[in-house]
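Visitor: Per my numbering, residue 17 is the first one in the sequence shown, and the count goes up by one each step.
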Amino acid sequence: MMNLELEKQWQLVCKKLSLQFDQDLDLQGILFLIGVQELGKGFKIFAKDEKLALMHIAICTLLTSFGYYEFAGRDEQGWPHWNLNEKLPPLKPMQQELLVKEAIVEYFKNESVFNLKSAT
Numbered sequence: 017m018m019n020l021e022l023e024k025q026w027q028l029v030c031k032k033l034s035l036q037f038d039q040d041l042d043l044q045g046i047l048f049l050i051g052v053q054e055l056g057k058g059f060k061i062f063a064k065d066e067k068l069a070l071m072h073i074a075i076c077t078l079l080t081s082f083g084y085y086e087f088a089g090r091d092e093q094g095w096p097h098w099n100l101n102e103k104l105p106p107l108k109p110m111q112q113e114l115l116v117k118e119a120i121v122e123y124f125k126n127e128s129v130f131n132l133k134s135a136t
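Quick look at the structure:
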């Protein structure tokens, strides 16, 4: 069960991003945005395999703060890569979702994209 403070912050992240992008964003949409941001090439039309890679970029970026991954560098096309430091423990789907939501909240706190104290 998600603790109340984390749930409030998660809802605030969703609300602020949804307002900024003028559409409702869910977990997958936010992961996509983080992947685009971390790729650093701006928004463009991505192929299906690139979209999956962007989701992977987001997950690796987010789980780096928990010590699961370490940034290894960028390839010749500028795509980031990570090394696995520690295998994730077996988690149920809801536990995985909670871990990712917690990491997303921390990401936006650390990146200072917006203040997580208010809805505006």
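Glycine included, each C-beta is placed from N, C-alpha and C at the ideal position. Values in this document were obtained by computation on a predicted structure and should not be read as measured data.
1. Helix, strand or coil for Phe87, going by three-state DSSP, please let me know.
2. Give the secondary structure of Asn99 by DSSP, where H, G and I count as helix, E and B as strand, and everything else as coil.
3. Under 7 Å, do Ile50 and Ala88 count as touching if we go by C-beta distance?
4. For the putative contact between Leu41 and Leu33, defined by C-beta atoms under 8 Å, what is the C-beta separation to the nearest angstrom?
5. Thinking C-alpha only, which one of Thr80, Gln39, Gly94 and Pro105 is nearest Glu66?
6. Tell me whether Gly94 sits in a helix, a strand or coil according to DSSP, three-state version.
7. Mind checking whether Tyr84 and Asn99 have CB atoms under 7 Å apart?
8. Candidates Leu70, Phe59 and Phe82: which alpha carbon is nearest Val116's?
9. Nearest by alpha-carbon distance to Leu43: which of Ala63, Leu78 and Ile61 is it?
10. Name the residue from Glu118, Leu28, Val52 and Asn126 whose alpha carbon lies nearest to the alpha carbon of Asn19.
11. Output the distance between the C-alpha atoms of Leu107 and Gly56, rounded to the nearest integer angstrom.
12. Buried or exposed: Gln111, going by 16 or more other Cβ atoms within 10 Å of its Cβ?
Guide: Straight from the coordinates:
1. Here Phe87 sits in strand by DSSP.
2. DSSP places Asn99 in strand when its eight states are reduced to three.
3. No, the pair does not count as a contact, with Cβ atoms beyond the cut-off.
4. Sure, about 5 Å apart at Cβ, within 8 Å.
5. The alpha carbon of Glu66 has as its nearest neighbour, out of Thr80, Gln39, Gly94 and Pro105, the alpha carbon of Gly94.
6. In the structure shown, Gly94 adopts coil according to DSSP, grouped into three states.
7. Tyr84 is not a Cβ neighbour of Asn99, given a cutoff of 7 Å.
8. Out of Leu70, Phe59 and Phe82, the CA that lies nearest to the CA of Val116 is found in Phe82.
9. Comparing alpha-carbon positions, the option among Ala63, Leu78 and Ile61 lying closest to Leu43 turns out to be Leu78.
10. Of the candidates Glu118, Leu28, Val52 and Asn126, the residue whose Cα lies closest to the Cα of Asn19 is Glu118.
11. Whole-angstrom Cα-Cα distance: 30 Å.
12. Its Cβ having fewer than 16 others within 10 Å, Gln111 is exposed.
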